[in-house]
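Plus 25 on top of the position in the sequence shown (first one is 1) and you've got our numbering. Ideal Cβ placement from N, Cα and C applies to all residues, glycine included. These figures come from a predicted structure and were not determined experimentally.
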Amino acid sequence: MILAGEGNSDAAVTVTGFAVGAAICHNFGLASSAKGPTVNGMIAVVAGFVILVVIGLLNRERK
26 MILAGEGNSD AAVTVTGFAV GAAICHNFGL ASSAKGPTVN GMIAVVAGFV
76 ILVVIGLLNR ERK
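Structure (structure tokens):
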């Protein structure tokens with residue numbers, strides 16, 4: 026946040042992304058609580074892992 030205050034636009038976009046991401050997680054019930062992770066959050070994590078594996082497999086070099 027200090028860099029964003031100094032005029033670094035990349036830092037400002039990063040901080041804005043953190044805030045927007047947190048808002049989305051709370052609105053869709055993806056954020057954890059004191060009781061532990063939510064079911065929606067666990068599903069989102071697994072879906073994210075699957076998407077990353079697919080992207081990794083599609084972008085590997087072919088012989």
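Simplified DSSP state of residue i, which is helix, strand or coil
i, result
"G61", "strand"
"A89", "Residue numbering for the chain in the displayed model covers 26 to 88; residue 89 lies beyond these limits and cannot be assessed."
"L55", "coil"
C-beta contact flag for residue i and residue j at 8 Å
i, j, result
"G46", "S57", "no"
Contact belief for residue i with residue j at Cβ below 8 Å, rounded distance in angstroms
i, j, result
"L55", "A36", "Contact flag wrong, Cβ pair sits at about 25 Å."
Residue span of the alpha helix (DSSP H) that contains residue i, given as start and end
i, result
"A36", "34 to 52"
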